[in-house]
Amino acid sequence: MKKALSLILVLVLCLGLLVGCGGDGKDETVGGNDAGKVEHDGNFDALFDPADNVVINLYMSNNTDLEVENCYANQAIEKIIGASVKVTEYDAQDQYDTMIAENAIPALTYSNGVTMGPTYGPMGAYVDWNTVIDQMPNAKAVLSDPKWAEDVAKYTDENGCMWQLPIMQTGYASIYGYIYRQDIFEENDIDVPTTQEEFYDVLVELKGLYPNSYPFVMRQMNKNMQGLEAFAYPWGTNHQLYGYYGSIMKFDHENKNYYFAQTSDIMKECISFLHQLSTEGLMHPSSLTLDTQSWIEAMATGSSFITYDKIDRIAAIQNAAENDTFKLSAFAPIAMGEEGVAESKVGGPTNYSWLLAANISEEEKANTIKYVDWLYSQDGILVSNWGIEGESYEVAEDGTWKFKEDFVYEGSGLGVPSICAYRDIDVFKLAQEENVLEALDICLPYAKSPNDPMLHYTEDQQIEMDTYYQSVYDSAMANIQKFILGQRDIDTEWDTYVAEMEGMHLQELIDIHQAAYDRIYGGK
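Below is the structure:
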């Protein structure tokens, strides 16, 4: 950690609060507390000559949430920089692993994890951004700001290499909470639940009123257990179930140690409740497999009335509804189970990054570096958050910026991490409907859980992780799904499942995490 933090000190500090090393003398601010009051002359510096037909190859995991391909933000950026940004998605981690083994990954990879770089960078797959940072004056200026020191350290390994370049955010990426059909609740005089018992009773009441419905719906609970990760927060897990090394381990912030969340009594309570909802027809039967669009349709068409997801999804659901009386809102998290806490899952400020492939030509590398650095520039920050004047936003006579009334922000790609290098949450808020902002205000006070420590592993630890991790992770995911669906009986087989997991080198993985934590943080 000391090496990582020392990296900040050797970077050259540039004048200006945000960026300002582009050489054009501009000193305007974009976003921040003055997000609606921005000064810019509307002129953009040329980046590439369109005649050169430059193509920026961007690779990303299959995530329909980001909606970047052929979206407005990509088109706006291409228009300004004079180059084409080609976005390709990969469907699974093993597909990407194969491409790494074949030395065939495209120039730039967008990642929403923190371990791909330390895992594959030392193997020669990626370029250490520190070795090219002098070619990136805008990125260097941003990363030199002391307020980002912790984020830079998070992406810097024990050898001082920064294999992943952090995407900066001025606030939380996403706040999770209960989204519900306020119009249905008001029509039937139903009170918002405040306890687990009330939550269950409301679902039963809704099922009685609408027999063909499934009152509660989740999405992608089989996609790295994404839905379960979010829903398990109010049970007191505060764990990460995503498939990145170390993420399935629960860090006990009070005792400073690790344990396996999926075999805990807390997880058993959560899964038992989901199984009950599934068995009684209170939860949508496809919640394990619903993709984002199908989940939106379930809420928008009246098949379901309550979900637990990102609050900013309200806009997408609302836009998909054809009922004029359709109205969504949010209610505060509920403390679930014996050790539950009323907390919202939070998408942290900087969980996103880019990785620069080492296999590309020097010309493509130079163009990619130039493009990424532009995204950190004054112009790049403006375009990726606002778009282009007259197309997506307009400037009032008093100088206030606002999105045009006929511009559809949701799905435009603006403010999405894979488009931005600096995501301004205040700009994002300016584009939201009043009910979305009200819902965010309801849930934000419950976003209290501290982030788990970021770990990097020694070569020997990495070898053990590569040997045991995936089988443990896959087995946990498969068994949790079976318990929810009733394919395994949780009352009679849970102890057997725990024993099975303990027999899969689980303790070795826990010990690796503890040793990495003690090495980096000194056991404190």
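Each residue of the sequence shown is one higher than the one before, starting from 27 at the first, in this note's numbering.
The C-beta atom is built at its ideal place from N, Cα and C for all residues, glycine as well.
Report task. May I ask you to report which of helix, strand or coil DSSP gives D335? Result -> strand
Query raised in the report: Which one or two residues does DSSP pair with K380 in a beta bridge?
Result: What sits at residue 380 in the sequence shown is Trp, not Lys. Looking at the DSSP assignment, W380 forms a beta bridge with Y136, L191.
Report task. Thinking Y206 and S355 are a contact (beta carbons under 8 Å), I'd like their distance in whole angstroms, please. Result -> 6 Å
**Report entry** Between the CA atoms of Q487 and I536 - distance to the nearest angstrom
**Finding:** 11 Å
Query raised in the report: How big is the Cα-Cα spacing for S200 and K336?
Result: 6 Å
**Report entry** Segment contact flag, the region 228-245 with the region 301-321, C-beta cutoff 8 Å, min 3 pairs
**Finding:** yes
Query raised in the report: Given 8 Å as the limit, is there contact between the region 107-122 and the region 77-84, that is, 3 or more CB pairs closer than that?
Result: yes
Query raised in the report: Are R449 and Q195 close, meaning C-beta to C-beta below 8 Å?
Result: yes
Requested in this report: Taking T286 as part of the beta strand (DSSP E), name the residues at either end of that continuous run.
Outcome: The sequence shown places Phe at residue 286, not Thr. First-last of the beta strand (DSSP E) with F286: 283-286.
Requested in this report: Name, in chain order, the residues that DSSP records as bridge partners for L354.
Outcome: R207
Query raised in the report: Which residue from E223, D120, V158, Y116 puts its Cα closest to that of T394?
Result: V158
Requested in this report: Mind reading off the beta-carbon distance from S370 to Y202? Whole number of angstroms is fine, and I expect it under 8 Å.
Outcome: 5 Å
Requested in this report: Examine the Cβ distances between the region 325-344 and the region 452-472 and report whether three or more of them are shorter than 8 Å.
Outcome: yes
Report task. Assign N83 to one of three DSSP states: helix, strand, or coil. Result -> strand
Query - Residue range of the unbroken beta strand (DSSP E) whose run includes W427 - result: 427-429
Report task. Count the other C-beta atoms from every protein chain shown that fall within 10 angstroms of the C-beta of T124, then say buried if there are 16 or more, exposed otherwise. Result -> exposed
Query raised in the report: When you compare only the Cα positions, how much space is there between V218 and I343?
Result: 20 Å
**Report entry** Buried versus exposed call for G51 [16 or more other C-beta atoms within 10 Å across all chains shown]
**Finding:** Note that G51 has pLDDT 30, beneath the 50 cutoff, so the model's placement of it is unreliable and the number below is only indicative. Its Cβ having fewer than 16 others within 10 Å, G51 is exposed.
Query raised in the report: Anyone know if the C-beta pair for G406 and P260 falls short of 8 Å?
Result: no
Requested in this report: Could you pull the start and end residues of the alpha helix (DSSP H) that K173 belongs to?
Outcome: No alpha helix (DSSP H) contains K173, which DSSP labels as neither H nor E.
Query raised in the report: Can you give the Cα-Cα distance for G437 and G548, rounded to whole angstroms?
Result: 44 Å
Query - C-alpha distance - K428 paired with A457, whole-angstrom precision - result: 8 Å
Query raised in the report: Are S410 and L401 close, meaning C-beta to C-beta below 8 Å?
Result: yes
Report task. Quickly, what does DSSP pair F242 with across the bridge? List them, please. Result -> M309, I332
Query raised in the report: So the beta strand (DSSP E) D67 belongs to, where does it begin and stop?
Result: Note, D67: premise wrong, no beta strand (DSSP E); not H, not E.
Query raised in the report: With DSSP run on the structure shown, which of helix, strand or coil describes T315?
Result: coil
**Report entry** Closest by C-alpha distance to D291, when choosing among I445, W520, I322, T333
**Finding:** W520
Query raised in the report: Alpha carbon to alpha carbon, what distance is there between A368 and A346?
Result: 30 Å
Query raised in the report: How is R545 classed by DSSP in three states: helix, strand or coil?
Result: helix
Requested in this report: Could you tell me whether the Cβ atoms of I506 and H301 are closer together than 8 Å?
Outcome: no
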